[in-house]
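Chains A and B, in that order, are what the protein sequence lines are. 0 is the number of the first residue of the first sequence in numbering that gives the first Met the number 0; add one for each residue after it. 0 is the number of the first residue of the second sequence in numbering that gives the first Met the number 0; add one for each residue after it. Notes to accompany the following structure.
Protein chains: 2
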Amino acid sequence: MPRAGLTTQRVVEEAEQVADEVGLPNLTLAALAPRLGVRMPSLYKHVAGIDALRRLLSIRAKQELADVFARAAAGRAGAQAVTAMLYATRAWAKAHPGRYAATVRAPDPTDDEEVAASNAILDIALAGLAEYRLAGDDAIDAVRALRATLHGFISLEQAGGFGLPNDVDRSFDRVTAALAETFTAWPPKTERERVAKVSSTLSRPSRRDRNSPAATARRSGARAARDPHPRTDG
Amino acid sequence: MPRAGLTTQRVVEEAEQVADEVGLPNLTLAALAPRLGVRMPSLYKHVAGIDALRRLLSIRAKQELADVFARAAAGRAGAQAVTAMLYATRAWAKAHPGRYAATVRAPDPTDDEEVAASNAILDIALAGLAEYRLAGDDAIDAVRALRATLHGFISLEQAGGFGLPNDVDRSFDRVTAALAETFTAWPPKTERERVAKVSSTLSRPSRRDRNSPAATARRSGARAARDPHPRTDG
DNA sequence: ACGTATAAGCTAATAGGTATAGCCTCGCAC
DNA sequence: GTGCGAGGCTATACCTATTAGCTTATACGT
């Protein structure tokens, strides 16, 4: 019998298709094999198992998402960049729900390749926020807010969580606008501060820490060789 | 041999424990049965199968979450209520990750019981936002923003997505404060409007629709008996 | 108290999924 | 052309869900 001529890459590509069609949790080797014209055990010649396949899928998906971010933010800054990143990501997630789901997975901290893919997303998101001139922890808080809002909206939407007839696109517009606006006054005033309306120096100690050496050090890549906190986020 | 004396309720309660311990996706009947002192097939006398069990789990979890919202918002309003709801939910989700995950599931639109549980969450969240005096689509957009932000943060945190050493509690404080603040100027200005700085009447057509009959009708529960859009939302 | 219907438990068997072992052979390198 | 490694296969084992059909504890009516 002629060989199917599979490669790891081919297997992962088909797995992406399947994941997009039936959802990441329903991606099985059993479903994948016939689509590639082989029997199930043959897949083990190319991927080490279902877990390894999921890992490869995640890495590729994270790279794609980083790309989506990068293209959206290219040539834009501030609110424009944020808005573009949010819309582009939602559109990509709609077209590729399985891949999007794969981007959420937290990497094993010792897995350099997947950690790198995660970091690419973080770095590009941070770059997209550059115009807001945030630094240190404030910048991290902001990307976390960005990722959380975006992910929450997309995953609820994909889960069918927005059941009311009200227009979901409209809601997304509002969320996007709110987020882009929020970053212009970041960090936000806390409730206590809003009520007490005192001078910002006194009432917003968080600002003091903004560019502190400690905060900057925490961000820097210069850490011990086997850092217990390899740099990954969101 | 003596009977184990199971009930559906007992099974679901133990399932909650398991889900909290090992994660909702890892909840299996096989793991559950020995913990209840019976063989796997015996569980079918009390629940119709793993899917039915998940459904029951979701319903209970949604009721619990609605309760968490209600308790948090009780006696508070506006930013205070929003803040309290967010913190309480995150704390509950941390203590009960499996149950929290179960709240995300979208109900089958024909499943009255689960739809009702979902609606309870929505209603209480809307009530928590009452002080902001939003109406019609604006109110729906706001709860969606609330749920999306909250869910995004919690699910990323639970997935281990916040790998950087930066303090996650601090980030959550910021996100919370930003959200509570955002609702005071809802709907947010779009990027175009912020740039063009014209009068709000002209530049913010969305406000015109706020209390329109159409918008109100869309929200109302008065719909045809077998409504294609039973009232549910994130 | 007793007898019985029913519900609650059991064993056994089936159907899918993951994974490993071990064989067979295509097809490239030389 | 031949040798051999990579890529495919069958067979098998194990895990989870589910169904069928049996047994018996126990609640309840008399």
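Positions of the beta carbon are idealized from the N, C-alpha and C atoms, including for glycine. In this text the structure is predicted, and so the values were computed from the model without any measurement.
is_contact[residue i, chain B] using C-beta, thresh 8 Å
i: A/SER57; result: no
i: A/PRO186; result: yes
i: A/ALA18; result: no
i: A/THR189; result: yes
i: A/VAL21; result: no
i: A/ARG54; result: no
i: A/PRO212; result: At A/PRO212 the pLDDT is 41, less than 50, meaning the model places this residue with poor confidence; the figure from the coordinates comes in the next sentence. Not one chain B Cβ lies under 8 Å of A/PRO212.
i: A/PRO204; result: At A/PRO204 the pLDDT is 41, less than 50, meaning the model places this residue with poor confidence and gives no usable figure here.
i: A/ALA158; result: yes
For residue i, the nearest candidate out of the options (CA to CA)
i: B/ALA144; options: A/TYR86, A/PHE182, A/ARG173; result: A/ARG173
i: B/ALA51; options: B/LEU31, B/LEU85, B/ALA87, B/VAL11; result: B/VAL11
i: B/GLU63; options: B/LEU155, B/GLU15, B/THR7; result: B/GLU15
i: A/ARG70; options: A/ASP19, A/GLY127, A/LYS188, A/GLN8; result: A/GLY127
i: B/GLY159; options: A/ASP136, A/ARG104, A/VAL17, A/ASP140; result: A/ARG104
i: A/HIS95; options: A/ALA60, A/LEU42, A/ALA129; result: A/ALA60
i: A/ALA58; options: A/LEU35, A/PRO1, A/ALA116; result: Looking at the sequence itself, residue 58 of chain A is Ile, so the reference to Ala does not match. Minimum Cα distance to A/ILE58 is reached at A/ALA116.
i: A/ASP136; options: A/ASN165, A/LEU42, A/ALA80, A/PRO186; result: A/PRO186
i: A/PHE171; options: B/ALA147, B/GLU113, B/THR109; result: B/ALA147
i: B/MET84; options: B/THR6, B/VAL142, B/THR183, B/GLY97; result: B/VAL142
i: B/LEU28; options: B/GLU20, B/ARG38, B/ASP19; result: B/ARG38
i: B/VAL114; options: A/ASP168, A/PHE161, A/ALA3; result: A/PHE161
i: B/ALA78; options: B/ASP166, B/PHE152, B/ALA124, B/GLY151; result: B/ALA124
i: B/PRO108; options: B/THR82, B/ASN118, B/ARG89, B/ASP19; result: B/ASN118
i: A/ARG53; options: A/ARG75, A/LYS44, A/GLY97; result: A/GLY97
i: A/THR7; options: A/ALA18, A/TYR43, A/GLU20; result: A/TYR43
Neighbour flag for residue i against chain A, beta carbons, 8 Å
i: B/ALA105; result: yes
i: B/GLU180; result: yes
i: B/SER169; result: Rather than Ser, the amino acid found at residue 169 of chain B in this sequence is Arg. Yes, contact with chain A.
i: B/ALA87; result: no
i: B/ALA129; result: no
i: B/ALA100; result: no
Chain-ordered chain B contacts of residue i [CB-CB under 8 Å]
i: A/SER154; result: VAL103, HIS150, GLY151, SER154
i: A/ALA147; result: THR148, GLY151, PHE152, LEU155, VAL174
Residue range of the alpha helix (DSSP H) that includes residue i
i: B/SER154; result: 135-157
i: B/ARG53; result: 49-72
i: B/TYR43; result: Note, B/TYR43: premise wrong, no alpha helix (DSSP H); not H, not E.
i: A/GLU130; result: Careful: A/GLU130 lies outside any alpha helix (DSSP H) and carries neither H nor E.
i: B/ARG9; result: 7-21
i: B/TRP91; result: 77-94
i: A/ASP168; result: 167-181
i: B/ARG230; result: Run containing B/ARG230: none; DSSP gives neither H nor E here.
i: B/ARG2; result: From DSSP, B/ARG2 is part of no alpha helix (DSSP H); its letter is neither H nor E.
i: A/LEU28; result: 28-34
Within chain B, the residues that residue i reaches when beta carbons sit closer than 7 Å
i: A/ALA177; result: ALA144, THR181, PRO187
Residue i Cβ short of 7 Å to the ligand ATP heavy atom set
i: A/GLU180; result: Of ligands this structure carries none, so the ligand ATP is not represented either.
When you check each C-beta in the region 112-127 of chain A against every C-beta of chain B, which residues fall closer than 7 Å?
none
Under 7 Å, CB to CB, which of the residues in the region 59-90 of chain B have a partner in chain A?
ALA78, GLN79, THR82
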